[in-house]
Structures are given as C-alpha cells and as structure tokens.
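First up is the structure itself, then whatever we jot down about it.
Protein chains: 2
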Amino acid sequence: MDLQQFFPYRLAVLADAVSRAIAGVYSERYDLSRDEWRVLAALVGGAMRTADVIGHTTLDKMQVSRAVARLEAAGLLERDADPDDRRARVLRLTAAGRALFRRIAPLAQAREAFLLDALDDAERHALDRAIDKLRERARLLERAG
Amino acid sequence: MDLQQFFPYRLAVLADAVSRAIAGVYSERYDLSRDEWRVLAALVGGAMRTADVIGHTTLDKMQVSRAVARLEAAGLLERDADPDDRRARVLRLTAAGRALFRRIAPLAQAREAFLLDALDDAERHALDRAIDKLRERARLLERAG
DNA sequence: TATTGTTATACTCTATAACTATA
DNA sequence: TATAGTTATAGAGTATAACAATA
Chain A
2 MDLQQFFPYR LAVLADAVSR AIAGVYSERY DLSRDEWRVL AALVGGAMRT
52 ADVIGHTTLD KMQVSRAVAR LEAAGLLERD ADPDDRRARV LRLTAAGRAL
102 FRRIAPLAQA REAFLLDALD DAERHALDRA IDKLRERARL LERAG
Chain B
2 MDLQQFFPYR LAVLADAVSR AIAGVYSERY DLSRDEWRVL AALVGGAMRT
52 ADVIGHTTLD KMQVSRAVAR LEAAGLLERD ADPDDRRARV LRLTAAGRAL
102 FRRIAPLAQA REAFLLDALD DAERHALDRA IDKLRERARL LERAG
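Chain order of the listed sequences is A and B.
Just so we're aligned, residue 2 is where the first sequence starts under the working numbering, counting upward by one.
Just so we're aligned, residue 2 is where the second sequence starts under the working numbering, counting upward by one.
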C-alpha cells in the first residue's frame with residue numbers, strides 16, 4: 002500500500018492545501034477563523050436562527066456559539082431573541098459584517114476560480130458529481146464506525 | 002455566494018467525512034492517531050530516516066517526532082542511529098508494527114474501494130487528474146499568502 | 001555555522017457534558 | 001420532560017522557537 006496513491010490521503014492533503022489557500026484571504030488580514038468565516042457566509046443571505054446556521058454549515062452548536070460570540074464582540078453580528086421561541090436566537094449580520102463579507106467574498110471567489118481554471122469542463126463536472134457521491138458513501142462508512 | 006456551492010467548502014466537508022471514515026478503522030480499535038497511521042504506512046515499505054518520512058507524508062518534523070515516540074513506546078517501531086550521519090535516525094517497523102499494519106491496511110483499502118465504487122471510470126480518472134492539478138494551484142495560492 | 005531531530009511552551013480546536021431558560 | 005443555546009473543562013492537535021548533538 003502506497004500512501005501517496007491512497008485516495009483518502011490524497012484528498013486530505015488537497016483539502017488542507019485548498020483550505021489554507023482560502024484561509025489566506027480571511028485569517029491574517031481580517032482575523033477570522035474558519036468557523037467565523039462560515040457563519041458570516043451562512044448569514045449574508047439573511048438572518049437565521051442558530052439551529053439553521055448549524056444546518057447550513059456542518060458546524061455544531063458549540064462551534065456556532067463561539068464563532069457568534071466572537072463575531073458579536075467584533076461588531077459584525079447581532080443576536081436577537083426569536084419572538085416565536087424565546088429559547089432561540091435570531092442571528093443577523095450588522096452593516097459592518099455585511100461590508101466585511103463583501104470585501105472578502107470576491108477574493109475567496111477569485112481563488113476558487115483560479116483553482117477550478119486548472120480543470121477542463123469534463124473534469125469539473127466529474128469532480129462535482131464525485132464530491133456528492135463520495136460524501137454520501139463516506140456518511141455510510143462513518144455510521145458503521 | 003452560497004456556501005453549499007462553494008468548491009473549497011464542499012471539498013473540506015468531503016475530506017473531513019472521508020478522513021473520519023478511514024480513521025474509523027485505526028483510531029478506536031487500535032488507538033492510533035492519523036499521524037501515527039501515516040508514519041506506519043510510510044515505513045511499511047522499508048526503513049527510512051525521519052527526514053524521508055517528512056518528505057513522504059506532509060507531516061513536519063515535530064509531528065513525526067511525536068508520532069514516532071508513541072509508536073516506539075507501543076513497541077511498533079525502532080529508532081537506530083544512522084551510521085552515515087549520526088544526527089539522523091533510521092526508523093524501522095518492528096514485527097509487531099508490520100503485523101498491525103497488515104491488520105489495518107485491508108480494512109482501510111476496503112473502505113477506499115467502497116468509496117470509489119460510487120464513481121464510474123471516467124469520474125474516477127477525472128477526479129484523479131483533478132486532485133493533482135488542484136493541489137498544484139493550491140500550492141501557488143498558499144505561497145501568495 | 002548549518003542541519004537533524006527533540007523538547008518546551010503557549011495556543012487553538014475538539015468532544016463531552018453540565019447548565020440556563022424556555023417549551 | 002425535552003429543546004435551544006451557553007458555559008465549563010479536559011484532551012488533542014498546532015505553531016514557534018529554543019535546544020543538544022553532530023556535520
């Protein structure tokens with residue numbers, strides 16, 4: 002067995018490199034963590050409850066809670082009580098939060114485009130389908146333990 | 002910008018799921034960390050120096066040093082002085098280390114096969130090429146910072 | 001002086017669970 | 001009694017650098 006050819010290894014190495022490449026546009030310059038960036042991206046489309054952010058991000062409730070606390074402290078996000086269920090919180094970006102996202106998103110998208118430019122159309126579509134299919138199978142294996 | 006459709010996000014989510022699926026075969030059952038598993042896999046082909054393991058795994062010298070210390074304590078690996086350069090160490094799996102790898106590798110490869118079975122030949126080849134091309138571009142972006 | 005590998009330290013992340021306030 | 005979200009805490013992983021031995 003050759004580690005270099007082992008698909009899960011190659012995928013992990015690639016994903017780490019891509020993550021670092023994207024983090025480059027938000028971590029040092031804007032002092033955001035990956036989780037904070039994800040919460041920002043989830044909320045830029047509009048306000049939602051913590052539980053909905055969890056559903057949109059693969060973050061768990063603690064990760065969201067911490068990311069939200071830091072974003073709130075930085076003035077990028079507000080928490081309001083949900084009138085329908087006062088245990089819940091409605092999360093909403095502030096103008097500053099939206100402005101920050103609008104500065105970062107084009108840089109992140111430019112890097113995404115640069116990455117995908119390496120692929121031809123057939124490769125891009127195959128990759129797209131492969132990601133969905135593989136994720137489904139990985140979920141099955143995870144459940145198996 | 003939709004996070005669900007953002008390629009780096011989808012890739013990270015997939016790679017996490019695949020990593021957990023593979024870790025399932027070595028972490029709980031055999032109490033190995035991902036780094037220890039990688040060092041084991043790197044050395045199963047034969048003895049090599051710490052520096053060579055670094056080159057074969059994307060681990061850095063500290064990660065290798067710690068993984069090696071734990072594997073040695075578990076009797077899975079030996080460290081010998083390198084006669085050519087007495088600063089260096091030659092790392093070599095013990096019989097127990099090789100036996101452990103031979104128990105785990107088929108399970109890991111079965112999971113890899115199960116994942117890749119979701120793809121047809123064209124998708125598999127496209128994915129293969131895409132991984133190499135994307136990794137190269139990601140490296141360029143990382144250097145840009 | 002530079003390099004191999006180890007150790008130290010501080011920092012971040014993660015996982016588990018206890019907790020508050022509602023329902 | 002269950003759920004939404006927060007806080008606490010311990011463990012694992014990460015990053016930086018100082019260090020000993022050797023080149």
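Built from N, CA and C at the ideal position, the CB exists for glycine as well.
Residue 53 of chain A sits in a helix when the DSSP states are folded into three classes. Bounds of the alpha helix (DSSP H) holding residue 72 of chain A are 62 to 74. Taking the CA atoms as reference points, residue 63 of chain B sits about 23 Å from residue 19 of chain A.
Using a Cβ distance threshold of 8 Å, residue 135 of chain A and residue 116 of chain B count as a contacting pair. Taking every protein chain shown into account, the CB of residue 36 of chain B has 16 or more other CB atoms within 10 angstroms, so this residue is buried. Residue 51 of chain B places its beta carbon less than 8 Å from that of residue 90 of chain B. Taking CB atoms only, residue 51 of chain A has no neighbour in chain B less than 8 Å away. Residues of the stretch 18 to 34 of chain B with a C-beta less than 8 Å from any C-beta of chain A: 18, 19, 20, 21, 22, 23, 25, 29, listed in chain order.
Assignment of beta-bridge partners to residue 129 of chain A by DSSP yields no partner.
Counting along the chain, the unbroken beta strand (DSSP E) around residue 91 of chain B starts and ends at 86 to 94. Setting aside the 5 residues that flank it on each side, residue 41 of chain A is surrounded in the same chain by 102, each with a C-beta closer than 6 Å to its C-beta; the list follows chain order.
Among the bridge pairs identified by DSSP, residue 79 of chain A is matched with A/93. Residue 143 of chain B belongs to the set of residues whose beta carbon lies under 8 Å from a beta carbon in chain A.
Residue contact with chain A for residue 64 of chain B: absent (no Cβ-Cβ distance below 8 Å to any residue of chain A). Residues of chain A whose Cβ lies closer than 7 Å to the Cβ of residue 37 of chain B do not exist, since the nearest Cβ in that chain is about 13 Å away. Closer than 7 Å at the C-beta level to chain B, one finds these residues of the stretch 116 to 128 of chain A: 116, 117, 119, 120, 123, 124, 127, 128.
By the beta-carbon neighbour count (other beta carbons within 10 angstroms, threshold 16), residue 137 of chain A is exposed.
Among the residues facing chain A, residue 97 of chain B is not included, as its CB has no counterpart in that chain under 8 Å away. At a cut-off of 8 Å between beta-carbon atoms, residue 16 of chain A makes contact with chain B. Nearest in C-alpha terms to residue 8 of chain B, of all of A/47, A/110, A/57, A/141, is A/110. Residue 39 of chain B counts as buried, since no fewer than 16 other beta carbons sit within 10 angstroms of its beta carbon. Of the candidates A/14, A/31, A/85, A/31 places its Cα closest to the Cα of residue 71 of chain A. Within chain B, the C-beta atoms nearer than 8 Å to that of residue 132 of chain A come from 11, 12, 15, in chain order.
Listed along the chain, the chain B residues whose CB falls inside 7 Å of the CB of residue 69 of chain A amount to none; the nearest CB is some 16 Å away. Taking a C-beta distance under 8 Å as the contact criterion, residue 93 of chain A and residue 44 of chain A qualify as a contact pair.
Excluding sequence positions up to five before and after residue 67 of chain B, its CB lies within less than 8 Å of the CB of 36, all in the same chain and listed in chain order.
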